[in-house]
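Residue numbers (this note's numbering), protein chains in the order written: chain A, 141 to 380; chain B, 416 to 494. For reference, the structure discussed in these notes is given below.
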């Protein structure tokens, strides 16, 4: 049976991925607003189905070993929740991050760090200065870094956390992820979403990963190669 | 207003760090030198030194942090 669907819906159906509400809110069907309610647009018969098996919150002891933070519990939770509902959260339960630190004991110019040794350690600098660590406008291809392109310092930390955990996923994804990354990095049609992403393949993956979570629509139209790379990485990680 | 970072130069240094790391020849002194080079190329946007973080490890970063703290204390005690 041939499925009659609009290009927007067909694109999503063919990819067969799970999307968070946040990401659905960023989507545009090119017709009317609120994709969550209107799906493919006027009189579209498609509807969203809740993926109960994927409604997951990031948890200590399951997705990461320990967390150390200078921030209050509420603020720490807000930063960590950047990982909630990520389609690749499952991989963290198989290969959890050893520790996450959201502290001010990084060198002052550093925003974050991922060290792959001993299961992977992620550090996020809790010091944020406007105009330096955050406060830029997001302009695909022109912004320096995704974590800087926000007006909210906690959102900036959330993006650094996503960025550094992308390095972790790259590390545990091994050859499968490397092959996908090499193919996308070598594709002349790729357009790096930030300046930072344009200089190293690992940073291209990490910045595109963050954009996939925070600016899905813009990523999809600006760098379809990168968007497809992340979708392929998600599939590869799911198959590990 | 800050100048635009020299992204080409930053990219070159990062590539060099990557090659040295893969060859097992990236030590702390070289890493420090490269950080200073990225800082110079960043034209005041020093947060871009973070591009070398993929080639650092926690021990180096902790050492860097301690050195920064010591330098700050020294500066304060002179003042």
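Ideal placement from N, C-alpha and C gives every residue a C-beta, glycine not left out. It should be emphasised that the depicted structure is a prediction, and the values quoted were computed from it without experimental measurement.
query                                                                                                                                : result
Proximal residues to residue 191(A) (C-beta, below 8 Å), its chain only, five neighbours per side dropped                            : 158
Chain-order list of residues whose beta-carbon lies under 8 Å from that of residue 244(A) (same chain, five-residue window excluded) : 210, 265, 266, 267
Buried/exposed call for residue 231(A), threshold 16 Cβ in 10 Å                                                                      : buried
Neighbourhood of residue 141(A) by C-beta distance below 6 Å, restricted to the same chain and skipping five residues each side      : Its pLDDT being 41, under 50, residue 141(A) is placed unreliably in this model, and the value from its coordinates should be taken loosely. Within the same chain, residue 141(A) has no close Cβ partners at all.
Members of the stretch 229-260 of chain A near chain B, C-beta cut-off 8 Å                                                           : 245, 246, 247, 248, 249, 250, 251, 252, 253, 254, 255, 257
Simplified DSSP assignment, three categories, for residue 253(A)                                                                     : strand
Test: residue 273(A) CB closer than 9 Å to a CB of chain B                                                                           : yes
Local conformation of residue 239(A) per DSSP, three classes                                                                         : strand
Local conformation of residue 205(A) per DSSP, three classes                                                                         : strand
Inter-residue spacing [alpha-carbon to alpha-carbon] between residue 367(A) and residue 165(A)                                       : 17 Å
Distance CB(residue 348(A))-CB(residue 363(A)) smaller than 9 Å                                                                      : yes
Proximal residues to residue 312(A) (C-beta, below 7 Å), its chain only, five neighbours per side dropped                            : 231, 235
Residue 226(A): contacting residues in chain B (beta-carbon distance under 9 Å)                                                      : By Cβ distance, chain B contributes nothing, its closest Cβ being about 21 Å from residue 226(A), past 9 Å.
C-alpha gap between residue 474(B) and residue 260(A), whole angstroms                                                               : 13 Å
Uninterrupted alpha helix (DSSP H) stretches inside the stretch 417-475 of chain B (no shorter than 4 residues)                      : 422-437, 443-456
Residue 161(A) versus residue 176(A): straight-line alpha-carbon distance, rounded                                                   : 8 Å
CB contact below 9 Å: residue 437(B) versus chain A                                                                                  : no
Assigned secondary structure, residue 310(A) (DSSP; H/G/I helix, E/B strand, else coil)                                              : helix
Where the alpha helix (DSSP H) through residue 348(A) begins and ends                                                                : 341-354
Neighbour list for residue 480(B) in chain A, Cβ cutoff strictly below 9 Å                                                           : 245, 246, 247, 248, 250
Residue-chain proximity (residue 448(B), chain A), Cβ-Cβ < 9 Å                                                                       : no
Residues, ordered as in the chain, of the stretch 335-361 of chain A that lie near chain B by beta-carbon distance below 8 Å         : 335, 336, 338, 339, 340, 342, 343
Anticipated Cβ contact below 8 Å, residue 480(B) with residue 253(A), distance rounded                                               : Incorrect: roughly 11 Å between the Cβ atoms, too far for contact.
Beta-carbon separation (whole angstroms), residue 284(A) vs residue 336(A), contact threshold 8 Å                                    : 6 Å
Proximity test, residue 174(A) beta-carbon vs the ligand GTP heavy atom, cut-off 8 Å                                                 : Looking at this structure, you won't find the ligand GTP or any other ligand, since it has none at all.
Residues bridged to residue 200(A) [DSSP beta-bridge criterion]                                                                      : 204(A)
Beta-carbon proximity list for residue 434(B), same chain, < 6 Å, skipping 5 on both sides                                           : none
Beta-carbon spacing of residue 262(A), residue 305(A) below 9 Å                                                                      : yes
Interface flag, residue 168(A) vs chain B, CB-CB below 9 Å                                                                           : no
9 Å Cβ cutoff met for residue 251(A) and residue 270(A)                                                                              : no
Within chain A, partners of residue 468(B) - CB distance below 8 Å                                                                   : 250, 252, 253, 254
DSSP state of residue 262(A) mapped onto helix, strand, coil                                                                         : strand
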